[in-house]
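S.K.: My questions all concern the structure below.
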Amino acid sequence: MAYYVYILVSNVSGNLYKGFTNDLSRRLKEHNAGYNKSTKSGRPWELIYSEKCNNRLEAREREKFFKSGVGREFIKINIWPRSITE
Numbered sequence: 001m002a003y004y005v006y007i008l009v010s011n012v013s014g015n016l017y018k019g020f021t022n023d024l025s026r027r028l029k030e031h032n033a034g035y036n037k038s039t040k041s042g043r044p045w046e047l048i049y050s051e052k053c054n055n056r057l058e059a060r061e062r063e064k065f066f067k068s069g070v071g072r073e074f075i076k077i078n079i080w081p082r083s084i085t086e
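Throughout the sequence shown, residue numbering follows the numbering used here, covering 1 to 86 in sequence.
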């Protein structure tokens with residue numbers, strides 16, 4: 001089963017959210033429907049990046065990278081240079 005690591009941007013605040021899932025379409029719908037407590041206030045969310053991983057462990061490690069200081073810098077430079085806040 002394939003997993004995906006993804007980055008969302010809030011169209012309200014400009015904040016970024018990083019996560020992983022095995023069903024990207026379903027997960028984006030859940031975020032925008034307000035099912036996730038940590039993303040409910042930032043709706044609507046837009047997918048700005050996704051990356052396919054071979055398994056859950058790989059996806060989790062990649063998510064941890066994006067949430068780290070080095071990963072945030074990587075996002076700022078390569079993926080979403082327009083973000084003001086994270």
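Each residue gets a CB set at the ideal place from its N, CA and C atoms; glycine is no exception.
Exposed or buried, which one is Leu16 when buried takes at least 16 other CB atoms within 10 Å?
M.R.: Buried, since its Cβ has 16 or more Cβ neighbours within 10 Å.
S.K.: So within the stretch 42-69, which uninterrupted alpha helix (DSSP H) runs reach at least 4 residues, ignoring any that extend past its ends?
M.R.: DSSP runs (the alpha helix (DSSP H)) wholly in the stretch 42-69: 56-67.
S.K.: Any contact of the stretch 2-9 with the stretch 42-54, i.e. 3+ C-beta pairs under 8 Å?
M.R.: Touching, yes, given that three or more Cβ pairs across the two stretches are closer than 8 Å.
S.K.: Express the C-alpha separation of Leu47 and Ile79 in angstroms, rounding to a whole number.
M.R.: Looking at the two C-alpha atoms, the distance is approximately 11 Å.
S.K.: Going straight from the alpha carbon of Ser25 to that of Asn32, what length do you get?
M.R.: Near 11 Å, if we compare the C-alpha coordinates of Asn32 and Ser25.
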